Amino acid sequence: MVAYASAKRVHWPTVMLVAAFLSADGLRVAGSGQGQGGDHETFPLTAPKRYVSDVAASEDMQSVVQKSLKSTFIAGIRSYDWERTARALSPDFRGRFPRPGDGHAVDDDLLRIRQYEPEALEVVDREGLVDTLRAHVGAWTSIERASLNTFEFLLEPNRDRAFAKVHFELGGPNPGGGRSVVNATIAVGVVRVAGGEWQIRRLDIVEAMRVDNPRPPTFRDITDAAGLHVDRSEADRQSRQEILDNRASLIDAAVSIIDWNHDGFWDILLTEGLNYSVLFLNDGKGGFVRGKLPVEDRRQLPSQFLFVDLDGDGLEELVSNRVSYLGNRAWMGIYTRRDGKWVFLPHALEFENPPGLIRSDAQSMTAGDVNGDGLIDLFVAGYDNNRSGDPARFNLVDGHDGDKNLLFMNHGGLRFTEESVARGITGTHYTYVAQFFDFDGDGDLDIFEGHDYSPNVIWENKGDGTFRALKDHPFARDVKFTMGLTIGDWNNTGKWSVYVSNMYSHAGNRVVRLADSVSEKTRALLKKAAQGNQLFTMKSGVWEDEALAQGVNDAGWAWGSAFVDIDNDGDKEIFVANGNTSHRDPEAPDF
Numbered sequence: 021m022v023a024y025a026s027a028k029r030v031h032w033p034t035v036m037l038v039a040a041f042l043s044a045d046g047l048r049v050a051g052s053g054q055g056q057g058g059d060h061e062t063f064p065l066t067a068p069k070r071y072v073s074d075v076a077a078s079e080d081m082q083s084v085v086q087k088s089l090k091s092t093f094i095a096g097i098r099s100y101d102w103e104r105t106a107r108a109l110s111p112d113f114r115g116r117f118p119r120p121g122d123g124h125a126v127d128d129d130l131l132r133i134r135q136y137e138p139e140a141l142e143v144v145d146r147e148g149l150v151d152t153l154r155a156h157v158g159a160w161t162s163i164e165r166a167s168l169n170t171f172e173f174l175l176e177p178n179r180d181r182a183f184a185k186v187h188f189e190l191g192g193p194n195p196g197g198g199r200s201v202v203n204a205t206i207a208v209g210v211v212r213v214a215g216g217e218w219q220i221r222r223l224d225i226v227e228a229m230r231v232d233n234p235r236p237p238t239f240r241d242i243t244d245a246a247g248l249h250v251d252r253s254e255a256d257r258q259s260r261q262e263i264l265d266n267r268a269s270l271i272d273a274a275v276s277i278i279d280w281n282h283d284g285f286w287d288i289l290l291t292e293g294l295n296y297s298v299l300f301l302n303d304g305k306g307g308f309v310r311g312k313l314p315v316e317d318r319r320q321l322p323s324q325f326l327f328v329d330l331d332g333d334g335l336e337e338l339v340s341n342r343v344s345y346l347g348n349r350a351w352m353g354i355y356t357r358r359d360g361k362w363v364f365l366p367h368a369l370e371f372e373n374p375p376g377l378i379r380s381d382a383q384s385m386t387a388g389d390v391n392g393d394g395l396i397d398l399f400v401a402g403y404d405n406n407r408s409g410d411p412a413r414f415n416l417v418d419g420h421d422g423d424k425n426l427l428f429m430n431h432g433g434l435r436f437t438e439e440s441v442a443r444g445i446t447g448t449h450y451t452y453v454a455q456f457f458d459f460d461g462d463g464d465l466d467i468f469e470g471h472d473y474s475p476n477v478i479w480e481n482k483g484d485g486t487f488r489a490l491k492d493h494p495f496a497r498d499v500k501f502t503m504g505l506t507i508g509d510w511n512n513t514g515k516w517s518v519y520v521s522n523m524y525s526h527a528g529n530r531v532v533r534l535a536d537s538v539s540e541k542t543r544a545l546l547k548k549a550a551q552g553n554q555l556f557t558m559k560s561g562v563w564e565d566e567a568l569a570q571g572v573n574d575a576g577w578a579w580g581s582a583f584v585d586i587d588n589d590g591d592k593e594i595f596v597a598n599g600n601t602s603h604r605d606p607e608a609p610d611f
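Counting the sequence shown from 1 gives a position; my numbering is that position plus 20.
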């Protein structure tokens, strides 16, 4: 997980996405051509003038170098084995890295922050760098985080030297219970030595920061104590792991925070399609007890529930995204309360079903009054169906073989008609997230569609509940593999900001630099695809992406995100869920 202070189809590795796109575009992926750059012997370090542009060869060697440095440099820091750390540095090593007291303080009410600039740092030898690292972590009771991830790698033609840019991070607790973290982007020149081991010969920071939280953490894991656990048998766990190991997983689940019983305490609803749905009722004393859901048939368990009052009687309905089929019709059900009892309306959300379509995986659902009649309408994001993913039609960066999105218009009395096409909403993208919001400030609700495998779409409400696509909207110009969306006024300026979770890829960034046979336009497209998350803020009437400037683009393989005031200081942080599913074999790749 990532916090920035102030169910889905499994993806291929991003390097494969880039390589496959280049191949599909008729462009050469591998080769032996030479790139042009600068000199990485002097400070500040820059890229070499000549490097191997064969993607496969470069990536294979990058994996070897990274493994070597993790076994010496990173493993030595983690274990306080400074001789091992020094083994990762060549005898003639020279580098610049800040000591804890270098740089300048950044004003903050709660944290001690120091920002470092490379120009103010002296060049040190091997012993000097080790002493500097020891100064950063020496007072910590343990090193909980030490990582080095390469996002640029240029292998020199002799294949015994390389230049790289990496993200370097250290983190751990202090004796008083506080925590510290060091984040740096560094450039390194590495060389291969006897025995095949790689050493760092030159090191220079591009940017770096240290943050110390002098207060003990205010969060601790109370999951089991609070009663928030889902019972799983060992056989179930093994079955799920086998699905993951065979790369056959569809992550099809959701969590909702609701006040189920109107007692003023937030409850939790967990769902996993066709498997379980669990309601945890807040007991008001710091714990949760199991509640009863109205779903009787396990086959009707959805991947998401929406809890919203659709008929204006003051009681919420429970909307399921589980689709049933019969001939040329399909439908989703609504649970409503009548005379104090739950009643299931199986055909409440009915729509036309093309012949032969027998599986439709809807993702997020969102509710809002799109035509201003005072009735809440529903938008359902369609991801894929049993016809999706055909190699003859599927396109990694312009996918149109996903599922259609559905717009159900509310006519009162829990009567709905599906009117997406009639109201201008078309297309069969892989829509992973959707949200109603007045993006243009004209008083009506527009729709954000966040897509896998294609640019996002903004549907502008024309004022009467019909829509047109804004093709050149800043939210919709690039392929970003969007997973999540959160909207909020994070810095209390009275203006909304929109944070979009995508995927930051170290591998993607490396490969884009090597693809020297592509056009600059294509290279820019691929670079943006791997660049990560976006933070849009309205400036002079135009939405501008400030994620890079604010340092909130790199959250790894990001999923859902949220603006939330974690430290109760009046402004909002950004919390991002990230990560992949894990193979049981530690040496096998996750996905």
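For each residue, glycine too, the CB sits at the ideal point set by N, CA and C.
This structure is a prediction, so every number in the text was calculated from the model and none was measured.
Which whole runs of the beta strand (DSSP E) in the region 540-567 are 3 residues long or more, in chain order?
554-559 and 562-565
Using DSSP's beta-bridge definition, name the partner residues of E469.
A454 and V477
Count the other C-beta atoms from every protein chain shown that fall within 10 angstroms of the C-beta of P322, then say buried if there are 16 or more, exposed otherwise.
buried
Give a yes or no on contact between the region 207-216 and the region 557-566, applying the rule of three or more CB pairs nearer than 8 Å.
no
Within the same chain, show all residues whose beta-carbon is closer than 6 Å to that of A166, passing over the 5 residues directly before and after it, in chain order.
Result list for A166: I94, I97, R98 and L190, in chain order.
Leaving aside the five residues before and after P290 along the sequence, list all residues of the same chain whose C-beta is less than 6 Å from its C-beta, in chain order.
In the sequence on display, residue 290 carries Leu and not Pro. Apart from sequence neighbours up to five positions away, the residues of its chain that approach L290 with a beta-carbon distance below 6 Å are V275 and V298, ordered along the chain.
For the beta strand (DSSP E) containing I288, list its first residue and its last residue.
Element bounds for I288: D287 to E292.
Would K500 and Q455 be called neighbours here (beta carbons separated by less than 8 Å)?
no
Report buried or exposed for P606, applying the criterion of at least 16 other Cβ atoms within 10 angstroms of its Cβ.
Exposed, since its Cβ has fewer than 16 Cβ neighbours within 10 Å.
List, from N- to C-terminal side, the beta strand (DSSP E) runs of 3 residues or more that fit wholly inside the region 402-444.
426-430 and 436-438
Please return the same chain residues whose Cβ sits closer than 8 Å to the Cβ of P195, not counting the five positions on each side in sequence.
A159 and T161
Looking at C-alpha atoms only, which residue of L175, S521 and D421 is the closest neighbour of Q86?
L175
Is it right to say G192 is buried, meaning 16 or more other beta carbons lie within 10 angstroms of its own, or is it exposed?
buried
Under a three-way DSSP split, which group does K87 fall into?
helix
Could you spell out the range, first to last residue, of the alpha helix (DSSP H) harbouring S259?
E254 to D265
Cα separation between L426 and N373?
So the two alpha carbons sit approximately 12 Å from each other.
If I'm right that S521 touches G504 with Cβ under 8 Å, what's the distance once you round it to whole angstroms?
4 Å
Give me the DSSP bridge partner(s) of Y71.
Y71 is not bridged to any residue.
Does the beta-carbon distance from D287 to N266 come in below 8 Å?
no
Between G347, L369, G402 and A67, which lies nearest to I378 when the distance is taken from Cα to Cα?
G347
Report all residues from its chain with a CB closer than 6 Å to the CB of G57; omit the five preceding and five following residues, and keep chain order.
Residue confidence is low: G57 scores 42 on pLDDT, short of 50, so the model does not pin down where it sits. Its coordinate-derived value is still stated next. Contacts found: A67, P68 and K69.
DSSP three-state label for G148, please.
helix
So what's G388 in DSSP terms, helix, strand or just coil?
Of the three classes helix, strand and coil, the one that applies to G388 here is strand, per DSSP.
E593 - DSSP class collapsed to helix/strand/coil:
The answer is strand: DSSP assigns E593 an E or B state.
Is the CB-CB distance between G483 and N476 below 8 Å?
One thing to note: G483 has its Cβ no nearer than 8 Å to the Cβ of N476.
Start-to-end residues for the beta strand (DSSP E) that takes in D224:
W218 to N233
Could you compute how far the alpha carbon of F487 sits from the alpha carbon of N391?
11 Å
From A108 to S78, what does the alpha carbon distance come to, in whole angstroms?
21 Å
Rounded separation between L37 and W280 - CA only:
Low confidence applies to L37: its pLDDT is 49, below 50, so where it sits in the model is not reliable, and the reading given next is rough at best. For L37 and W280, the distance between alpha carbons rounds to 42 Å.
Check A76 in the structure and name its three-state DSSP category.
In the structure shown, A76 sits in a helix (DSSP, three-state: H, G or I).
Where the beta strand (DSSP E) containing A351 begins and where it ends
The sequence given here places Trp at residue 351; Ala does not occur at that position. Segment R349 to R358, the beta strand (DSSP E) holding W351.
I need the DSSP call for T170, collapsed to helix, strand or coil.
strand
Determine whether the beta carbon atoms of P236 and G197 lie at a separation below 8 Å.
yes
Straight-line CA distance for F327 to D381?
19 Å
Looking at the secondary structure, which residues open and close the alpha helix (DSSP H) in which G196 lies?
From DSSP, G196 is part of no alpha helix (DSSP H); its letter is neither H nor E.
C-alpha gap between D585 and R114, whole angstroms:
Using only the alpha carbons, I get a separation of about 42 Å.
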